[in-house]
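Residue numbers (our numbering), protein chains in the order written: chain A, 221 to 642; chain B, 221 to 642. Quick reminder that beta carbons are idealized off the backbone N, C-alpha and C, glycines included. Structure, as structure tokens:
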């Protein structure tokens with residue numbers, strides 16, 4: 221099995237560095253994207269289709285990052301893209317919005333169990349930030365309880381004091397608790413009566429650099445009751461999990477009902493839209509807030525979203541993704557075992573997290589992943605991975621062959637130091 | 221000249237109200253969109269082309285709002301949309317971004333005089349918020365000076381204390397000055413030595429509900445010197461003006477050089493992208509900040525942006541828009557005069573502001589605008605209007621006929637009360 225080389229990727233990256241700070245920024249870039257060692261990774265794609273993307277050197281990858289989530293049906297899904305193309309001919313970003321926005325809002329309300337209404341924006345962060353504003357408007361309070369390690373976007377309130385560009389005031393209304401620790405939440409609520417506007421969390425714990433954790437039995441039901449009893453808005457950030465656990469919403473999957481649900485990645489298979497869904501009790505609060513953006517009512521992503529959600533429902537996508545994720549991860553665990561390694565897999569299998577255990581330096585895991593990437597199975601380190609509906613049994617089988625080969629390489633040599641183009 | 225009726229618009233709006241708070245939210249909606257009286261306005265479009273959109277009742281409008289700015293070449297521009305469609309076939313939102321992001325970054329750096337680098341996001345508000353974070357990271361300070369009445373998006377720091385969902389901490393690092401008042405800026409800088417990270421403003425004053433105002437002679441040059449002398453980052457919000465005044469940037473148009481420039485609306489003719497441009501001195505600060513979003517490196521809007529900017533340069537779009545805007549507004553002023561009214565026009569003609577004077581209640585202006593809209597010339601009230609390159613002399617002539625007819629109606633009747641579907 222030949223390993224890939226990345227000459228054109230490196231050339232393009234050097235070109236990018238001149239006009240783009242860090243070359244590629246954010247979660248798609250080598251710095252924040254957990255592309256370690258960077259020498260093992262492609263930086264720029266040329267094209268994509270189904271479960272694959274091809275980089276600028278022509279290397280093909282089975283893509284288990286799915287653009288960090290948006291690719292749920294498979295790249296360039298023909299039904300979604302045909303709907304987008306058809307809408308583009310009629311109109312996209314227009315002074316009076318297309319009535320297709322109503323069609324998608326009705327479909328969201330019909331699909332998401334807790335939703336009485338939907339509000340569309342562009343980024344996950346648009347709707348997590350808006351959820352806090354809605355909670356503040358509805359309650360007249362300003363404090364929020366967040367779970368340490370959860371990611372809710374990049375707005376200053378989501379970041380940490382001491383991070384570049386963040387002022388103390390940006391995070392001064394946040395309380396932080398540990399995941400699955402109900403008592404901490406309850407104590408904060410007791411110690412600050414009438415002050416907590418919102419409890420916001422992902423439906424389960426999927427941070428970076430840590431095993432993912434499902435909610436403990438009864439956790440969400442107790443949180444729900446605590447919020448209801450104390451007039452606190454319960455907001456779920458379903459940006460990453462949304463439609464990968466349950467088409468009716470991840471609160472539904474875990475047996476409770478949120479007041480607000482934030483969706484983004486899987487709505488429109490990569491076409492640019494996010495959504496806040498909510499209950500009737502919060503309709504007036506939403507309506508009271510000035511919140512908008514230049515492209516927020518553009519019609520093309522709405523057309524794509526309608527086609528995507530309908531297809532996800534037809535396929536029963538969450539079940540398919542969980543089943544195939546389980547097949548893949550069980551195979552990876554077995555493959556590791558055959559070579560004397562232990563691979564720990566956590567989270568829901570449609571968006572699992574994995575790490576080689578007995579590897580405190582993390583370098584063994586990183587080297588194994590690097591050997592997989594260089595052979596065409598695209599994983600990143602220390603971040604959950606994603607399944608899409610286009611991944612076939614053959615792709616899974618090929619991935620297991622790659623994993624096997626990568627373990628062989630690992631056994632043949634001692635760990636090396638991290639190399640990097642940065 | 222028949223007036224339009226809006227039965228299907230009203231029906232769709234009633235349908236929307238069930239699943240979308242306020243039916244249509246934000247600046248495209250009847251509540252915040254200055255669609256007064258709402259009975260005169262269409263709510264939903266069916267299709268758009270060139271300078272026109274058609275509503276769900278089939279009424280055609282010459283569109284002088286241009287989707288609040290993004291429509292600069294004309295709706296569904298064939299060059300832009302062909303580039304977008306071609307890129308969509310290759311790939312859009314992928315795990316490794318397309319190298320087309322570099323092409324657009326190079327084009328931005330080549331086009332915008334002050335730009336050494338470009339950072340892309342999705343909303344204008346993404347890049348105005350990021351500009352503040354960059355300024356804070358670069359200076360280690362946290363205070364910002366803003367101009368009262370300027371619009372920089374919807375993030376909490378852009379809003380006012382007392383608005384729903386806004387906490388005191390959200391705006392506690394803001395100082396506010398009057399437009400064109402250099403002394404106020406200087407005083408704040410003197411009173412808070414070493415505390416001001418950023419002065420942010422639009423390049424000229426284009427608030428709602430007020431005549432627009434150009435910078436006084438020497439204003440920007442004095443502000444530039446004050447910022448340089450005191451280590452303050454000068455950030456220009458060119459979201460609305462960008463590429464409607466000068467392809468090299470609105471700071472260039474007014475003869476100064478900003479440190480950061482925020483672009484959005486006119487970059488890609490409605491395809492979803494925004495950009496922060498900056499100087500080399502701020503490259504490290506940008507690189508230090510975690511700032512990203514799910515779709516920020518999607519390729520389709522980049523392809524559209526390249527096609528759009530190239531075409532804008534070929535057309536010398538800002539000059540064309542200013543010339544045609546002048547032709548239209550001079551015609552409107554004359555038409556008003558013929559009927560004994562005075563129409564005051566302010567701002568740069570490519571995005572002018574207008575109001576009927578001697579009308580303290582604003583209702584005369586609103587009634588005249590309503591009569592124009594009902595005959596197919598789409599204006600809004602109390603907000604600047606926009607020219608696009610697809611507007612022809614014939615469109616302008618037809619608009620003047622509509623304006624004339626609307627003034628005739630105004631003269632025949634006393635002002636009525638505002639009616640509304642809300």
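Between the stretch 436-451 of chain B and the stretch 508-515 of chain B, the count of Cβ pairs shorter than 8 Å is below three; the stretches do not touch. With respect to the 7 Å criterion, residue 545 of chain B and residue 521 of chain B are not classified as neighbours on the basis of their beta carbons. Closest by C-alpha distance to residue 530 of chain A, out of A/583, A/424, A/489 and A/507, is A/489.
Neighbours of residue 353 of chain B in chain A, taken as residues at a C-beta separation under 8 Å, are given in chain order as 376, 384, 385 and 386.
Excluding the 5 residues flanking it on each side, residue 428 of chain B has same chain C-beta neighbours closer than 6 Å at 602 and 603, in chain order.
Membership of residue 584 of chain A in the alpha helix (DSSP H) is indicated by the continuous run 583-593.
Residue 360 of chain B and residue 348 of chain B have their C-alpha atoms roughly 18 Å apart. At least one beta carbon of chain A lies nearer than 7 Å to the beta carbon of residue 511 of chain B.
For the stretch 411-429 of chain B, the set of positions with a beta-carbon nearer than 7 Å to some beta-carbon of chain A is empty. In this structure, DSSP gives residue 349 of chain A a helical state, which the three-state scheme calls helix.
DSSP places residue 447 of chain B in the helix class (H, G or I) of the three-state scheme. By the criterion of a C-beta distance shorter than 6 Å, residue 415 of chain A is surrounded in its chain by 361 and 363, once the five residues flanking it on both sides are discounted. Look at residue 616 of chain A here: in three-state DSSP terms it is helix.
Around the beta carbon of residue 633 of chain A, fewer than 16 other beta carbons lie within 10 angstroms, which makes this residue exposed. Taking the CA atoms as reference points, residue 394 of chain A sits about 8 Å from residue 377 of chain A.
Residue pairing for residue 394 of chain A: DSSP places it in a beta bridge opposite A/364. In the structure shown, residue 565 of chain A falls within a strand segment according to DSSP collapsed to helix, strand and coil.
Residue pairing from DSSP places residue 421 of chain A in a beta bridge opposite A/456. With contact defined as three or more Cβ pairs closer than 8 Å, the stretch 320-339 of chain A and the stretch 227-242 of chain B are in contact. If you compare the alpha carbons of A/263, A/270 and A/244 with that of residue 610 of chain A, the shortest gap goes to A/270. Residues of chain A whose Cβ lies closer than 8 Å to the Cβ of residue 276 of chain B are, in chain order, 319. For residue 507 of chain B, DSSP records no beta bridge to any residue.
As for any beta strand (DSSP E) of minimum length 3 sitting wholly inside the stretch 235-290 of chain B, the runs are 265-269, 272-275 and 280-283, ordered along the chain. Contact with chain B is absent for residue 471 of chain A, since none of that chain's Cβ atoms lies less than 7 Å from the residue's Cβ. Considering only beta carbons, the part of the stretch 259-271 of chain B lying closer than 9 Å to chain A consists of 261, 262, 263, 264, 265, 266, 267, 268 and 269, in chain order.
In this structure, residue 304 of chain B places its C-beta atom within 7 Å of the C-beta atom of residue 523 of chain B. Residues of chain A with a Cβ closer than 9 Å to the Cβ of residue 329 of chain B are, in chain order, 238 and 239.
According to DSSP, residue 497 of chain B shares a beta bridge with B/338 and B/481.
Apart from the 5 residues on each side of it in sequence, residue 597 of chain B sits with its Cβ closer than 6 Å to the Cβ of 282, 619 and 622 in its chain, given in chain order. Not a single C-beta of chain A is nearer than 7 Å to the C-beta of residue 293 of chain B. Here residue 628 of chain B has 559 as same chain residues with Cβ atoms under 8 Å from its own Cβ, once five neighbours each way along the sequence are excluded. A Cβ-Cβ contact shorter than 7 Å links residue 345 of chain A with residue 373 of chain A. Exclusion of the five residues before and after residue 308 of chain B leaves 520 as the residues of its chain whose Cβ lies within less than 6 Å of its Cβ.
Neighbours of residue 500 of chain B in chain A, taken as residues whose beta carbon is under 9 Å from its own, are absent, since the nearest beta carbon is some 10 Å off. For residue 380 of chain A, the CB contacts under 8 Å within the same chain, skipping 5 residues up- and downstream, are 386 and 391 in chain order. Setting aside the 5 residues that flank it on each side, residue 484 of chain A is surrounded in the same chain by 344, 459 and 494, each with a C-beta closer than 6 Å to its C-beta; the list follows chain order.
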